[in-house]
Amino acid sequence: MRDRRPLSRLADRWQGVLLTLVVGVATLWLAATGQLILYIHPRYVVFTVIMIAIGMVLSVGVLALSPARERDDHDHDHDHEAGAHDGPDHGAGPLRPRRPRRGRAATRGILVGAGAVVTVAIAVALVALPPATLTSATAGQRDVNSSTAALDRTSVEDATGASDETYASFSILDWAGLLRQTTDLSFYQGKTADLVGFVVPAGDDPDVFYVSRFIITCCAVDAQPVGVPVYLPDWQQTVEADDWIDVSGGFEANRSGSSSDPIALVPDALEKVGQPSDPYLY
Numbered sequence: 001m002r003d004r005r006p007l008s009r010l011a012d013r014w015q016g017v018l019l020t021l022v023v024g025v026a027t028l029w030l031a032a033t034g035q036l037i038l039y040i041h042p043r044y045v046v047f048t049v050i051m052i053a054i055g056m057v058l059s060v061g062v063l064a065l066s067p068a069r070e071r072d073d074h075d076h077d078h079d080h081e082a083g084a085h086d087g088p089d090h091g092a093g094p095l096r097p098r099r100p101r102r103g104r105a106a107t108r109g110i111l112v113g114a115g116a117v118v119t120v121a122i123a124v125a126l127v128a129l130p131p132a133t134l135t136s137a138t139a140g141q142r143d144v145n146s147s148t149a150a151l152d153r154t155s156v157e158d159a160t161g162a163s164d165e166t167y168a169s170f171s172i173l174d175w176a177g178l179l180r181q182t183t184d185l186s187f188y189q190g191k192t193a194d195l196v197g198f199v200v201p202a203g204d205d206p207d208v209f210y211v212s213r214f215i216i217t218c219c220a221v222d223a224q225p226v227g228v229p230v231y232l233p234d235w236q237q238t239v240e241a242d243d244w245i246d247v248s249g250g251f252e253a254n255r256s257g258s259s260s261d262p263i264a265l266v267p268d269a270l271e272k273v274g275q276p277s278d279p280y281l282y
């Protein structure tokens, strides 16, 4: 009877190699289309692409070498079987009954089939489903402005002597850091912020929301939300959670009685915009 074990082993390896290739192709496609930065920091893109390419080459090499190795193992097994039948073995005890091959083949077939289904599912998810950015739900779980290290990048001392052009270029991270460091209204007098971010509700406060972005240190797993409070009564009539907006205005004492933020941005202009191609801060 023909031994099917080499084919089964090859099928097992084939599934692993296929999954590696699918993940590799999807990663290279994301890198080529500029969407890999939705998952990792831009400084790691080149390193990731190089490692993925090496992994794909090694996977193909393993698959190519498998048939030759299986043939060598198969011939080696036959040599052992032939030696075992040379002459009677008077000292051997009673032989243990072998397990039925059909049962083992059926079990292996089920496992191979399940592995194939998982491989196809992962392939479809990676290729067919578009990459998505983190949302306000994630921001609510991780607490806006809880990353103290990130909020200290722009200090009040450095910002005091900045020009109007510099203030105009400040990001959500810059303003969120300054609001955390000082509540002196005289510091914000005459300063205008123009910010693009997505809407995150400020708890149960009906008059305040955060214009927010995620800051990434390594990858999306460690992303932390930062945001600037915006005072706009009944803002739910104008925007919704996760809407991307461009809001500009000055800073005033927060007039909301239930907000924990002493100072908030009071918008002079607000409009909905599309999600930017690079939605994260670094």
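Numbering-wise, full-length UniProt numbering puts 204 at position 204 of the sequence shown, and it's gapless, one number per residue.
C-beta atoms are modelled at their ideal positions from N, C-alpha and C, and glycine is treated no differently.
Mapping DSSP to helix, strand and coil, what is residue i?
| i | result |
| --- | --- |
| R2 | Note that R2 scores 49 on pLDDT, short of 50, meaning its location in the model is unreliable and no value can be drawn from it. |
| E165 | helix |
| H201 | It is worth fixing the name first, because residue 201 is Pro in this sequence and not His. Looking at P201 - three-state DSSP - the assignment turns out to be strand. |
| Y280 | coil |
| L18 | helix |
| A132 | coil |
| Q181 | helix |
| H76 | In this prediction, H76 has a pLDDT of 48, which is less than 50 and means its spatial position is unreliable; nothing more can be read from the coordinates. |
| T154 | coil |
| T33 | coil |
| V171 | The displayed chain sequence assigns Ser, not Val, to residue 171. Three-state DSSP puts S171 in coil, outside helix and strand. |
| V49 | helix |
| V144 | coil |
| G87 | Bear in mind that a pLDDT of 49 at G87, under 50, signals an unreliable position, so the model cannot answer this. |
| E81 | No answer about E81 holds up, because its pLDDT of 47 lies below 50 and its placement is not dependable. |
Indicate whether residue i and residue j have their beta-carbon atoms separated by less than 8 Å.
| i | j | result |
| --- | --- | --- |
| P201 | F214 | no |
| G250 | T192 | yes |
| H41 | T217 | yes |
| Y188 | I245 | no |
| V230 | L173 | no |
| R49 | L28 | First, the residue type needs correcting, since residue 49 is Val and not Arg in the sequence shown. Yes, the Cβ-Cβ distance between V49 and L28 is below 8 Å. |
| L30 | P131 | yes |
| Q224 | R142 | yes |
| V62 | L151 | no |
| L185 | A253 | yes |
| S256 | A269 | no |
| D164 | V199 | no |
| L178 | V156 | yes |
| V211 | G197 | yes |
| I37 | D222 | no |
| Q275 | T133 | yes |
| D205 | S171 | no |
| Y39 | A176 | no |
| G24 | I52 | yes |
| L232 | D207 | yes |
Identify the residues that DSSP records as bridge partners of residue i: which are they?
| i | result |
| --- | --- |
| I40 | C219 |
Quick one: is residue i near chain B, going by C-beta distance under 8 Å?
| i | result |
| --- | --- |
| W175 | Reference to chain B is not applicable here, since this structure consists of a single protein chain. |
For a minimum of 4 consecutive residues, which ranges assigned as the alpha helix (DSSP H) are wholly contained in the UniProt domain "DUF1980" (184 to 282)? 185 to 188
Mind the definition here: the stretch 235 to 250 touches the stretch 41 to 59 only if three or more C-beta pairs lie below 8 Å; say whether that holds. no
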